[in-house]
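Reviewing the structure listed below.
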Amino acid sequence: MTSERRRGPLGPIMGAIVLPLALIVVVAVASELGRLVPALDPWRPDLERVERAIVVALGVWLVHRLLMTLLRWTQRSSRVDRALQVLPLGTRALNVALIAIGVLLVLDQLGISISPLLAGLGISGIAVALALQPLLTNLFAGSYVLSDSSIRVGDWIALQPGPAGRVEEIGWRATRLRDEADTLVIVPNATLAAATVTNYGAAGQTRASVTLALPRFADLERVERVAREALFELTAHNVRIVDADPTVRFQNATVDAVMCLVSVRVAAQSDIPAVQSELMKSLAPRLGVEVRTPSA
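Mapping of the sequence shown onto this note's numbering: position 293 corresponds to residue 303, and the numbering continues sequentially without gaps.
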């Protein structure tokens, strides 16, 4: 890919436009030779219309080949992986648009009125857009998710409200997650784009946390000592936990409670739900307090 970036797109562009340009030259030469044949004079107006239509069709083909070549070169040489995922849909849309424009221009050159066609296409487009509104909503949301860098395949994410899991695929209609129970969860992209998403990142070490809601006048030193004892015991036999020194930190106090954040480092994002469950089961009986996850 580095060598392609250094060479630039000039070579592929020249290869794409040579054939259409050569055919346009052939049509132009044939037209000039045809003018030298008097027997063709009765059909001259019709032949000129056909000639213009062929030249227009070849011109649209040239533009199509040029744009497709640039898109393919961008896909091979771009450093922005997330942008590459947007190209297939853009390529298909560009194909449809160029074909439609080419057909309309050719019909116009042949003397066929395209005004009724344009009016019909406008009405049909509105009807189709209304009928496919949910699909289009997910489609545009998918393009946003793909072009944005906030969520990638392999990330462990949690939707609020909604499921949590590792991102397996980001499609145009939906995003597929694999949750802790190895269940495939399909989330419409419109739901994903509208939700509050906590992204725990790609595979690698991170922290699992729970929050203790302590009584307002609780013995904080005792709470910290008991919590650390429980965490060290849990760390000793739980292979998901890789933190030799777990964190116990007292945070904001309310009228009724003092909040205490307890966290440990885990091997991977997918281990967070299981470790949070173990933390709750270990801390709640010992301290006799309410235990919450950070998203609660």
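From the three backbone atoms N, C-alpha and C, an ideal C-beta is built for every residue, glycine too.
Bear in mind the structure is a predicted one, so any value in this text is a computation, not a measurement.
| Query | Result |
| --- | --- |
| So who's on the other strand from residue 269, going by DSSP bridges? | 223 |
| Which residue wins for smallest C-alpha separation from residue 36, given the options 20, 65 and 190? | 65 |
| Within its chain, find whatever has a CB closer than 7 Å to the CB of residue 120; leave out the 5 residues flanking it on each side and keep chain order. | 59 and 63 |
| Spell out a yes or no on whether the segment 185 to 193 and the segment 216 to 233 are touching, meaning 3 or more CB-CB pairs, one atom from each, closer than 8 Å. | no |
| I'd like to check one pair, residue 279 with residue 220: are the Cβ atoms closer than 9 Å? | no |
| Which same chain residues end up closer than 7 Å to residue 50 when comparing Cβ atoms and leaving out the 5 residues on each side of it in sequence? | 44 and 57 |
| Going by the DSSP bridge assignment, what does residue 23 pair with across the sheet? | For residue 23, which the question treats as bridged, DSSP gives no partner whatsoever. |
| Of all the options 55, 199 and 297, which has the alpha carbon lying nearest to the alpha carbon of residue 183? | 199 |
| State whether the segment 243 to 252 contacts the segment 267 to 284, with contact taken as three or more CB pairs (one from each stretch) at a distance under 8 Å. | yes |
| Measuring alpha carbon to alpha carbon, tell me which of 236, 202, 204 and 177 ends up nearest residue 193. | 177 |
| So, for residue 115: in the same chain, excluding its five sequence neighbours on each side, which residues have a beta-carbon less than 6 Å away from its beta-carbon? | 66 |
| Pick helix, strand or coil for residue 293, following the three-state DSSP scheme. | helix |
| Let me confirm a value: residue 125 is counted as buried when at least 16 other C-beta atoms fall within 10 Å, else exposed. Which label applies? | exposed |
| Under 9 Å between the Cβ atoms of residue 268 and residue 218? | no |
| Just the Cα atoms here: how many angstroms apart are residue 41 and residue 29? | 18 Å |
| Ordered along the chain, which non-local residues of its own chain (more than five positions away) have a Cβ less than 8 Å from that of residue 79? | 19, 22, 23, 25 and 26 |
| Given that a residue counts as buried once 16 or more other Cβ atoms are within 10 Å of its Cβ, and exposed if not, what is residue 160? | exposed |
| In whole angstroms, what separates the C-alpha of residue 92 from that of residue 106? | Residue placement at residue 92 is poorly supported in this model, since its pLDDT is 48, which falls under 50; the coordinates still yield a value, given next. For residue 92 and residue 106, the distance between alpha carbons rounds to 24 Å. |
| Of all the options 39, 264, 265 and 236, which has the alpha carbon lying nearest to the alpha carbon of residue 257? | 236 |
| Below 8 Å on the Cβ atoms is my contact criterion, and I expect residue 299 with residue 222 to pass it. Report the Cβ-Cβ distance as a whole number of Å. | 5 Å |
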